[in-house]
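**Student:** Going from the sequence shown to the numbering used here is simple: count from 1 and add 628.
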Amino acid sequence: MSPAKTGASPPAPTTFLDGAAYTVTQTEDSLTITLPVPDEYDPKRREGDVVEIQENTLLVKVQGEETPRLSGWLFHPINKFDSVYDLQRDARTDLRLLNLNLTKAGPSDSFMPAPTYPVLFSSGLNTPAPMPKDAALDDMDPHSLFLLADWMLKRLAKPDRALAWYSKAAERGSIMACLKLGAWFELGKDAHKDIPVERDRAKAFEYHLRAADLGHPEACLIVSEWFAPMSQDMLIKLRPGEEETQNLGVQTQEKDFAKAVSYLDRLRDIVIQHRATQAPSTRELMGLAMWRAGVLYAEGGNGLPSSAEGISQSFAYFSTAALDYRHPRAMWSLALYYINGFGCDQNIPQGVELLKEALAADPKLDLPPQFQGLDGIGLDILVGVEKEARTVNGVEPGKILDVESLVNAARRVVEKAGGKEKVEDTVEKALKELELSVVKVNMMEEPAGTKAEAKVEEKIHVEKSAKLKKRRVSKAKAKAKSRTRNTGWSGMEIAVGVGIVAAVGAGLWIWMRSSKVKA
């Protein structure tokens, strides 16, 4: 199990991401059927790839597949001479799509308006019209059967007959039928008048499991929740606009974190197969799944390692969710790993940046308990304290420092400065002054190319000489202190030091420099 997969591209999907085998759009005069096909699909040049458009029938076959992608009689005739097909790339996913552009032969009302009336009936047209209640529809393709059941429910208000056809469609591999029945059994007839079944969570799980195995990403998330239910305070909304956080399912299985992670990995693989990793809706789903897998590895047990290996895997999943998908909770979790050095080298500046981004992205997130009182500028001071601690103690980057000591030191800095509000106000002014100082330094470093520039350089040289005299005096005073320890300050650190002195006062800065934070 791993958060990222490399290697050969996965095979093209046989359905769209929502589970539909084909989509139907129509106008008064035309009908378009669109379905995904392999990248190499080419009926004109490759044997076994077939598109046949007749007045009353359609046939689409892919080389090497026993079952046609589309095969059956149309409910109403088309003009086959004006009907054509074309192949194109989806602009968002780059998937290869086959479009059947059909011209209607009859009046515009011969094709029923949305919700879409099923396009295909059966390959042998053995069932008489009107269809009897016991119609088997054994030779109807699964998605057309699902559409027929949907039409029976929505247009004719016959939920019992719809149930029978949803069930047959699910048995034959319709993802959308599995999702429909899973929702029905999860809710039960008491929830809605159109649901004809009693609540049965075991059956709900079975249908969601089948949808997940057939290749539906959200079903994978639901199944993972059955094997490893999230606590109520960890649940996250799946779709924007919902007012309440919804539960993803109710556990009826034994806890099995390994199986839960396997379905989260499957979710990732399905989205990659559909080349939809950057679509807004799937980005949110991918981020949630990878964050959830990281949480399970962090907790460990129930089929997952409770060791350093688990922490390393957790770090990898959090990294994918946070850095690739900017998932707020994953950024929050990854920040703690960087700050504390869990499964990685300690990197407090990077952790603080991630923590700030997470808090800004999700107002429901709070500072971790270990950083209470360090919101806002306090986190920046923590970064400064950590840098100073490494300099004072000669600790190499990546080697772990005691975070509690660093946090306590940062809190003392804020307190001695007069509180967070005062620090924020003075630091803003100091940064402006520092900005001007940087500009002056840049000007001094520019070579003189004209007479005017030479004069400026001469003036700066005089000012610089005066400043150097003052610095010699300061250096003489600090010589004794520099003998005991060498901090190795760079020019940038001196500039930052000036900024901090302006922000919190010289006395406090001297205290920060002399107070050692134990590594």
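C-beta: ideal position from N, C-alpha, C; glycine also.
1) Would the region 896 to 911 count as touching the region 925 to 941 if we require 3 or more Cβ pairs under 8 Å?
2) Please look up how many angstroms separate the CB atoms of L723 and V688, rounded, as I've assumed it's under 8 Å.
3) Would you kindly work out how many angstroms separate the C-alpha atoms of A719 and D670, rounded to a whole number?
4) If A798 sits next to C806, beta carbons under 8 Å apart, how far is it from one beta carbon to the other, in whole angstroms?
5) So if DSSP puts V889 in a beta bridge, which residue, or which two residues, is it bridged to?
6) Report all residues from its chain with a CB closer than 8 Å to the CB of P639; omit the five preceding and five following residues, and keep chain order.
7) If you follow the alpha helix (DSSP H) that K808 is in, where does it begin and where does it stop?
8) Looking at the structure shown, is I823 part of a helix, part of a strand, or coil, going by DSSP?
9) Provide the residue(s) that pair with T685 in DSSP beta bridges, ordered along the chain.
10) Quick check on this structure: which residue in A1017, K984, V1020 has the alpha carbon closest to the alpha carbon of G1004?
11) In the region 983 to 1059, which residue ranges form an unbroken alpha helix (DSSP H) of at least 4 residues, counting only runs that do not cross its ends?
12) Please determine if the region 888 to 901 and the region 811 to 829 are in contact, where contact requires at least 3 C-beta pairs separated by less than 8 Å.
13) Just to confirm, is the Cβ distance from R1013 to L1034 under 8 Å?
14) Report yes if the C-beta distance between G843 and P991 is below 8 Å; otherwise report no.
15) At what residues does the beta strand (DSSP E) containing S711 begin and finish?
16) Name the two residues that bound the continuous alpha helix (DSSP H) containing Q941.
17) Report the residue from I898, V1020, P787 whose alpha carbon sits nearest the alpha carbon of T643.
18) Is P956 helix, strand or coil by DSSP?
19) Can you grab the Cα-Cα spacing for the pair S935 / V1023, in whole Å?
20) Taking all protein chains shown into account, do 16 or more other C-beta atoms lie within 10 angstroms of the C-beta of I1028, making it buried, or fewer, making it exposed?
21) In the DSSP assignment, the beta strand (DSSP E) including P664 goes from what residue to what residue?
22) Where does the unbroken alpha helix (DSSP H) through L784 begin, and where does it stop?
23) Just confirm the distance between the C-beta atoms of I706 and E683, as a whole number of angstroms; I'd bet it's less than 8 Å.
24) Going by beta-carbon coordinates alone, are S802 and H836 separated by less than 8 Å?
25) For S658, which residues of its own chain have a beta-carbon under 8 Å away from its beta-carbon, when the five flanking residues on both sides are left out?
26) State the DSSP-derived secondary structure class of K672, mapped to helix, strand or coil.
27) Buried or exposed: where does T660 fall if 16 or more other Cβ atoms within 10 Å of its Cβ makes it buried?
28) Figure out for me which residue from R903, G929, C848 has the closest Cα to the Cα of K883.
**Tutor:** Once the coordinates are examined:
1) In this structure the region 896 to 911 does not lie against the region 925 to 941, because fewer than three pairs of beta carbons, one per stretch, are closer than 8 Å.
2) In fact, because the Cβ distance is near 16 Å, the residues do not count as touching under 8 Å.
3) In this model, A719 and D670 are separated by some 19 Å (Cα to Cα).
4) Confirmed, about 5 Å.
5) Its beta-bridge partners do not exist; DSSP assigns none.
6) Hits under 8 Å: P666, Q901.
7) 803 to 815 is the span of the alpha helix (DSSP H), which, as asked, contains K808.
8) When secondary structure is reduced to three states using DSSP, I823 falls in the coil class, being assigned neither helix nor strand.
9) DSSP, once it has assigned bridges, lists W701 as partnering T685.
10) For the set A1017, K984, V1020, the Cα lying nearest the Cα of G1004 is the one of K984.
11) Counting only runs of 4 or more, we get 1005 to 1021, 1031 to 1044.
12) Fewer than three Cβ pairs drawn from the region 888 to 901 and the region 811 to 829 lie within less than 8 Å of each other, which leaves the two stretches out of contact.
13) First, the amino acid is wrong: residue 1013 is Val here, not Arg. If you check the CB distance, V1013 and L1034 come in under 8 Å.
14) For G843 and P991, no; Cβs fall outside 8 Å.
15) Unbroken beta strand (DSSP E) run through S711: 706 to 717.
16) Note, Q941: alpha helix (DSSP H), 936 to 947.
17) It is I898 whose Cα lies nearest to the Cα of T643.
18) Helix.
19) Cα to Cα, the separation comes out at about 27 Å.
20) Looking at its Cβ environment, which holds fewer than 16 other Cβ atoms inside 10 Å, I1028 is exposed.
21) Boundaries of the beta strand (DSSP E) around P664: 658 to 664.
22) Careful: L784 lies outside any alpha helix (DSSP H) and carries neither H nor E.
23) So it is a contact: roughly 6 Å between Cβ atoms.
24) No, they are not a contact pair.
25) N729, L730, T731, K732.
26) K672 falls in the coil class under three-state DSSP.
27) Per the 10 Å Cβ criterion, exposed.
28) Looking at the Cα atoms, G929 is the closest of the given residues.
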